Amino acid sequence: MHILCAGTKVVHVTLGDHVSEARMDEALELNGITVTYGGLTALSEVSLVVEPGTVHGVIGPNGAGKTTLFNVACGFTAPDSGTLSWEGTRLDRLRPHDLAGLGIARTLQGVGLFDRMSVLENVVVGADTRARSGFWSSLLGLPRSSREERQLREEAMAVLERLGVASYAARTPTSLPYPVRKKVALARALAARPRLLLLDEPASGLAADEMDELGELVRELTGEMAVLLVEHHMDLVMRVCDQITVLDFGRRIAHGPPAVVRDDPAVLAAYLGDTVEGV
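The sequence shown: position 183 = 183 (the UniProt record's numbering), numbered continuously.
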């Protein structure tokens, strides 16, 4: 159950048997997160805070723990120890299906679109998290949902236009180039109007000009939401992020604004190997 109290900064959230009050001026906070797989420690006491209206990047070499950290934030992976809080509320037993009700949306490395639905219908599914009657009722043509269906489709088209892919609205995802599918997946997440957007390597498969466009969009989104960005394209990360957390072998080795992280000796030794252009 999620009870959002409009006009106030108090929110009651229930996940499993946990009930608490949230303060809307708080951010996403991961505190002391540890995850182990058998004898392998994927994350060791990692902490970070994503402040409202900012982009927080997570970088590190392959195997550093970036994906595991993202999966903890999404509810795919339960930490062995540590806490996850959103808007001042500790989230115990977070599951992926809880995210929409909390005002959180995500994209994944794999685009995860519904291949048998049109692009527009895929994005409507994202907007449907805010609907009363539900997208599946709309597909059945129930009278009570027809007006809402039109509104959701209009909103979905507006997001597709914002991302420059409205011309593909009637096509299915499998007929589209990979970069376009990435944009459609992002459009679906944005259609939910989240307060926090979790992006897992959104620039993969994009050309340089498309990456520049993505960077501009991510910066623009800070006027509407906070963004947690896991990415391996360093130029993009340095250009768009307000804060960066650097992981290596499951540990946080550096944290701070791009200018500080870029010149941190531990970062240079562990990952970058040289200074990175940007900012």
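The beta-carbon is built from N, C-alpha and C at its ideal position, and this holds for glycine as well. Note that the structure is predicted; figures quoted are calculated from it, not measured.
Review point. Roughly how many angstroms lie between the CA atoms of Leu229 and Ala259, to the nearest whole one?
Key: 17 Å
Review point. Going along the chain, which residues of its own chain have a beta-carbon closer than 7 Å to the beta-carbon of Asn122, five neighbours each way excluded?
Key: Leu113, Phe114, Pro173, Val184, Arg188
Exercise for review: Kindly give me the distance between the Cβ atoms of Ser118 and Ala158, rounded to whole angstroms, as I take these residues to be in contact under 8 Å.
Suggested key: Rounded, the Cβ-Cβ distance is 16 Å, inconsistent with contact.
Check your understanding: With DSSP run on the structure shown, which of helix, strand or coil describes Asp200?
Key -> Asp200 sits in a strand when the DSSP states are folded into three classes.
**Study point:** Buried versus exposed, by CB contacts within 10 Å (16 or more), Arg144
**Key:** With a pLDDT of only 47 at Arg144, under 50, the local geometry of the prediction cannot be trusted, and no value is derived from it.
**Study point:** Where the alpha helix (DSSP H) containing Asn122 begins and where it ends
**Key:** 119-127
**Study point:** Cβ-based neighbour list, Arg132, same chain, cut-off 8 Å, excluding 5 preceding and 5 following
**Key:** Low confidence applies to Arg132: its pLDDT is 48, below 50, so where it sits in the model is not reliable, and the reading given next is rough at best. Excluding sequence positions up to five before and after Arg132, its CB lies within less than 8 Å of the CB of Glu148, all in the same chain and listed in chain order.
Check your understanding: If you run the structure through DSSP and keep just helix, strand and coil, what is Gln243?
Key -> strand
Exercise for review: May I ask you to list the residues that DSSP assigns as paired with Arg106?
Suggested key: Leu198
Review point. What number of angstroms, rounded off, separates the C-alpha of Gly32 from the C-alpha of Glu154?
Key: Within the model, the alpha-carbon separation for Gly32 versus Glu154 is close to 43 Å.
Check your understanding: Bridge partners of Asp248, per DSSP?
Key -> Arg251
Exercise for review: Would you kindly work out how many angstroms separate the C-alpha atoms of Leu176 and Asp263, rounded to a whole number?
Suggested key: 40 Å
Point to revise | Straight-line Cα distance separating Ala191 from Arg162 | key: In this structure, the alpha-carbon of Arg162 lies about 11 Å from that of Ala191.
Practice item. Taking all protein chains shown into account, decide if Val261 is buried (16 or more other Cβ within 10 angstroms of its Cβ) or exposed. Key: buried
Exercise for review: Report yes or no: do three or more beta-carbon pairs, one from the segment 50-61 and one from the segment 232-252, lie closer than 8 Å?
Suggested key: Taking a cut-off of 8 Å on C-beta distances, the segment 50-61 touches the segment 232-252, as three or more cross pairs fall below it.
Review point. CA-CA distance, Met234 and Glu51?
Key: C-alpha of Met234 to C-alpha of Glu51: approximately 21 Å in a straight line.
Check your understanding: Taking C-alpha atoms, which residue in Val111, Leu108, Arg150, Arg116 lies nearest to Ala127?
Key -> Arg150
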